[in-house]
Structures are given as C-alpha cells and as structure tokens.
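Worksheet for the structure shown next.
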Amino acid sequence: MSKIEKKPLVAAIVGPTATGKTDAAVSLCLALGGEAISMDSMQIYQRLTIGTAKPTPEEMRGVPHHLLSFVPPDTPYTVQEYQRDARAKMTDVLARGNLPVFVGGTGLYLQAVSRPLNFAQAGETSTVRECLQHEAETSGGPEALHCRLASVDPETAARLHVNDIRRVIRALEVYETTGTPMSAGRTEWDADSAEDWAIFALSWPREVLYTRINQRVDIMLQRGLLNEVESLLRSGLSPETQAMRAIGYQEFVAYFQGHCTLEDAVGRVKMNSRRYAKRQMTWFRRDARVQWISLDQYNEPEAVHQAIIGRVRTLQEERQ
RNA sequence: GCCUUGGUAGCUCAGUCGGUAGAGCAGUAGACUGAAAAUCUACGUGUCGGUGGUUCAAUUCCGCCCCAAGGCA
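Going by numbering that gives the first Met the number 0, the first sequence wraps up at 319, each residue one higher than the last.
In structure tokens, the structure reads:
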C-alpha cells in the first residue's frame, strides 16, 4: 500500500461548439453519480437561452447543473469571478461525495478553474477603462498605451502585441487599481492543481464540424432566436453589454438596427461560429492534459459516452 | 441567329502599354493569466475559360469554339 496523497478526481468535457458536450456530460453524470458545472462564458446569463444552446430541462435528464442563468444580461462577469464561483461549486459537489463534471467550451475558464492562477482583488475599473480607451483612439494610439505599460509592467508589455489594445488596457487597469503589476505573482500555465483533472475534448473532422455548426444555427432560428434577441433589445438591454457581444446576438442586433439584411446576419453568425470553433480547437490542442475523442470513430453518441465513462471509472477504481 | 460586355485564388474583383499575376473577403495556423462567444498575430501558385495563330516570349494581340449576363430579332 503506497501512501500516495489522494487528490480528488474532477472530470471535464470540452471541445468546440456543436459537438454534443452537454449530452456526453449528462451521461457521465448519470453513470457515475456526477453533477454538471457549466464552463461557458455566455450560458451564465439569464435570458440568453436559444443562442447559447443552453441545455433544456429535458436535456439535463434530472442531473443537477450549476452556473447556468445566474447573471442578469446587463451585468459584466469576469474570469476571476468564475474561478471563485466554479471552485466553490466544485467543493460543494465533492463534499456531497459526487463527481464534478465541468462542461463547456471556454478555454480561459478551464484554466482559471483547473490551475492555481492568482487573481488579486481589483477595484472599480470602468472609469479607468473609458479613459484608456479614449486615449487609444485619440492621442498617442496603441503605441502610447503600450509604452506606458512597459514603464510600469515591462514583463507584461513584452508578451503583449502593441495592437492587442484590449489586453494592454486590462494590464494597465490592474496596475492602476491595485498598485501592483499584473506580472507579479503570475503562475505558470502548467502549474499543478489540487485536483486530478480528467479532461476530454470532443472533435469532429473540420468539414463535419462546420456542417453541424451551420445546421445548428438554422435550428436556433427555427426555435425563435430572432424573437429572443428582439425581446432583449426591447427590454432596454444595451447592445454594448458583454452578453450582447455573444455570437448569434451581436449579428442580429446589427440586423435589427438596420445595418445588414437578415440573410447577411445569418451568414455572419455561421461564419463567426466556425471561427470560434477553430479558436477553441487551438486552445484545447495546447493543453497537454486533454484526451481527444474523435467522434467519427464511433457509430453513435452512446458509444462515445460509454468510452468516456469507462475511462473515468478506471481512474476512480485506481485510486481506491 | 446577330450584336455587346464579361470569363483571372473558394467568392467579389484589380492588373499585366506582350516577359507566366495581386487586393479584399473566405480559409489555415498560432497567441491568450483580472472583458475571453472577447481581443490579437502570421500565412496569397492560381491549367489568368478552351484551342489554334503571330512572336524569342501570350493570361495580355488576332482567329475559332465553349459558358454567363444584357440587348436586337
């Protein structure tokens, strides 16, 4: 009997959009006594239902789901909040003796919850941000901002491209509201976590994936995505909010504002979804912990689910 | 049937006063540590519709053919 310290086992189902993550996660939960924790930056929002492909009660099949629809659509939400909320949910699920099953496609959220990344407390950033944004557009442009960052936080400035204004501004905000540079206390990406993570990424060949994405957008429209967007706008929600920048929303906002035809908007939702899926692939390919599941090697979803369940069960047995 | 205008990258098109060609979009790859469905970076060879001719050399000029759009009958 070796006295290996036992870390709790945590599972995650990731991968690009439209691969059947939800279904796989629910099956895993049902088989092994798990609870699902969403890892999706847009499904957190209330009233963004159809366009975010939020799981329906039927799809949940009685399995508890956490971190869905708990933020009002006009409220910003950040990675460090997700880290805090998700780790709290994970702890709860473990305390109940259940298996936490994270499910979603937001790569940064996976890092935040599964790596010991340090986020120090920051103050109110909105006014600072407005100032900096204004500055980027007028006076010195992106170069001036980048220069300024280099003088207070050379390490972060060195790894950010001058044109990546968003990140440059974020780094400056952190410095100005906390007084310490973002690079202070920075953790390595591959730092060990306090849990053992079994991460599965679902993937289709590119051509199949793109066909599925296009079809899914058509289905969302049939389910009433246009009405959903229109009703959000009618209730006074600003198109500038984080929630309305989601794919499937920003494009139809442009349509309702008369900037493009419906056909153009639908085409751009499909295009942006394809690009997003590609970025998701890039993100998960980089993570050495990820076990890839090639869906074209299985005849039916049930076989995929059984394969994942089998692997997790083996891990559970190994640690007993 | 005749006339006109087109046919060049996956798409929309530019261009070569004759020396085998380049933009935008799409696409591909990558980055990502306090907004992430966000944000940013890099990457451009294709029988220049087909076929004959002129020429040292034709995608470019000329002939014929095919296809598309418009006009006339």
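C-beta atoms are modelled at their ideal positions from N, C-alpha and C, and glycine is treated no differently.
| Query | Result |
| --- | --- |
| Does DSSP put Q354 in a helix, a strand or coil? | Nothing about residue 354 can be read from this structure; the chain reaches only from 0 to 319. |
| Measure the C-alpha to C-alpha separation of T210 and V228 and round it to an integer number of angstroms. | 24 Å |
| Starting from I308, follow the alpha helix (DSSP H) in both directions and report where the run begins and ends. | 300 to 317 |
| Cβ of W314 within 7 Å of Cβ of L8? | The question names Trp, but residue 314 in the sequence shown is Leu. Yes, the Cβ-Cβ distance between L314 and L8 is below 7 Å. |
| Does D195 come out as helix, strand or coil in the three-state DSSP assignment? | strand |
| Since I103 contacts M38 with CB under 8 Å, what's their CB separation in whole angstroms? | Position check: residue 103 holds Gly in this sequence, whereas Ile was assumed. At roughly 3 Å, the Cβ-Cβ gap stays under 8 Å, so G103 and M38 are in contact. |
| Which ranges would you report for the beta strand (DSSP E) in the stretch 1 to 39 if only whole runs of at least 3 residues count? | 8 to 13, 33 to 37 |
| State yes or no: is the C-beta of Q79 within less than 7 Å of the C-beta of V112? | no |
| Could you tell me the alpha carbon to alpha carbon distance between M89 and R128, rounded to whole angstroms? | 32 Å |
| Check F251 in the structure and name its three-state DSSP category. | helix |
| Grab me the residues of G223's own chain with a C-beta within less than 8 Å of its C-beta, minus the 5 sequence neighbours each way, in chain order. | I49 |
| Rounded C-beta distance between N117 and E34? I'm assuming under 8 Å. | Actually they do not touch by this definition, with Cβ atoms about 27 Å apart. |
| Tell me the DSSP secondary structure of S138 in three-state form. | coil |
| Taking Q279 as part of the alpha helix (DSSP H), name the residues at either end of that continuous run. | 261 to 284 |
| Verify whether the separation of the beta carbon atoms of R215 and A24 is less than 7 Å. | no |
| Please classify S1 as buried or exposed, where buried requires at least 16 neighbouring CB atoms within 10 angstroms. | With a pLDDT of 49 at S1, under the threshold of 50, the modelled position of that residue is not reliable, and no figure is offered here. |
| Would you report the Cα separation of T137 and Y254, rounded to the nearest angstrom? | 29 Å |
| At 4 residues or longer, what runs of the alpha helix (DSSP H) sit wholly inside the stretch 44 to 114? | 56 to 59, 78 to 94, 106 to 113 |
| Kindly indicate which residue of I218, V268, S68 has the alpha-carbon position closest to the one of I43. | S68 |
| Could you check how far apart the C-beta atoms of A245 and L47 are, in whole angstroms? I think they sit under 8 Å. | 6 Å |
| For V289 versus Y297, is the C-beta spacing smaller than 7 Å? | no |
| Cα separation between Q249 and L294? | 30 Å |
| Over the uninterrupted alpha helix (DSSP H) stretch that includes Q221, give me the two end residues. | 205 to 221 |
| Name the one or two DSSP bridge partners that A190 has. | Note: A190 sits in no beta bridge, so no partner. |
| Using DSSP with H/G/I as helix, E/B as strand and the rest coil, what is A200? | strand |
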